[in-house]
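Shown next, in structure tokens, is the structure this report addresses.
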Amino acid sequence: MDGLKRRPSPDQWVATAPRHEEPDRVPFDFWAVPEVSPALRHYLDTDDDGDVLRLLGVDCRWVRPDYMGPAPIVQEDGSYCDALGTHRRLVSHEFCTYETYADGPAGQAQFRFPMGPSIDPNGNIYVADDFNHVIRVVRPGGEVLTLAGTGQAGCRDGPVEVAQFDHPLWTAIGPDGSLYVAGSGNNCIRKIALPK
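Note that the sequence shown covers residues 80 to 275 in this note's numbering.
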């Protein structure tokens, strides 16, 4: 045993960072939508989330207090304002349910770091909603709608309701009437065919 070096525990790996020490490997973290956890527990044959993290070799653990403030005010359409005052809604599809921003009249809709607007001949303003990972359109009447993107960072082509962007930054209307989007998270330029 004297010649064998004992491997650091996960908390020892993480503790090297504040001490500015170099660990023997990068500490491993894990993030997933809530629907993944039951599938992992079933696959790994355990009922304990701590066991799942240990079996996956995850080093980092997140601890945060439960929100203790007033309950969110839920609107008729199911949207609500979160603890920070952001107008939010739940979106569900075949893989998961997640929280995102809510569209609506210009005075109510909210953006997270809007970038690179462009205007088409009909007066529609296209905005790269950077931290929401979507492309939004502000109609001439003031209504804000999501044009493309799921609200989750990614790089997926396809119909506008399943396409994914990763920190889109700039939009431009091309000579063919299509909308071009430059994304910083995946370093690519995407093309959206706009309705005529």
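Every residue, glycine too, gets a C-beta built ideally from N, C-alpha and C.
Under three-state DSSP, which class holds G129?
-> G129 carries a helical assignment under DSSP once its states are collapsed to helix, strand and coil.
Within 10 angstroms of its Cβ, does F244 collect 16 or more other Cβ (buried), or is it exposed?
-> With 16 or more neighbouring CB atoms inside 10 Å of its own CB, F244 falls in the buried class.
Do the stretch 237 to 252 and the stretch 194 to 210 make contact, defined as three or more Cβ pairs closer than 8 Å?
-> With three or more CB-CB distances shorter than 8 Å, the stretch 237 to 252 counts as touching the stretch 194 to 210.
Starting from W71, follow its DSSP beta bridges and name the residues at the other end.
-> An answer regarding residue 71 cannot be provided, because it is not within the stretch 80 to 275 covered by the chain.
DSSP three-state assignment for Q243, whether helix, strand or coil | Under the three-state reduction of DSSP, Q243 is assigned to strand.
Can you tell me which of the three DSSP states V137 falls into?
-> coil
For V206 and E70, the rounded distance between their alpha carbons | With the chain running from 80 to 275 in the structure shown, residue 70 is simply not present.
Is R269 helix, strand or coil when you go by DSSP?
-> strand
Nearest CA to the CA of I198: which residue from P219, V153, I271, H99?
-> Nearest option by C-alpha distance: P219.
Just how far apart, CA to CA, sit I214 and V241?
-> 12 Å
By how many angstroms is the C-alpha of D124 removed from the C-alpha of M80?
-> Model confidence at M80 stands at a pLDDT of 43, short of 50, so the residue's coordinates are unreliable; what they give is reported in the following sentence. M80 and D124: Cα-Cα distance of roughly 33 Å.
Spatially closest choice to T179 from E155, P200, G228, C139, by CA coordinates = Considering only alpha carbons, the answer is G228.
Kindly indicate which residue of G157, D161, K270, D128 has the alpha-carbon position closest to the one of G148.
-> D161
Among N265, K270, Q187, P144, nearest to D209 - alpha-carbon criterion | N265
Can you grab the Cα-Cα spacing for the pair G82 / Q91, in whole Å?
-> Unreliable positioning characterises G82 in this predicted model, as indicated by a pLDDT of 49, which lies under 50. The coordinate reading is nonetheless provided below. In a straight line, the C-alpha of G82 is about 21 Å away from that of Q91.
Assuming F109 and L134 make a contact with CB atoms under 8 Å, what is their CB distance in whole Å?
-> About 11 Å separates the two Cβ atoms, so there is no contact after all.
Compute the beta-carbon to beta-carbon distance between I268 and A261, rounded to the nearest angstrom, for a pair I have assumed lies under 8 Å.
-> Right, their Cβ atoms sit about 5 Å apart.
Using the beta-carbon count (16 or more within 10 Å), is H172 buried or exposed?
-> exposed
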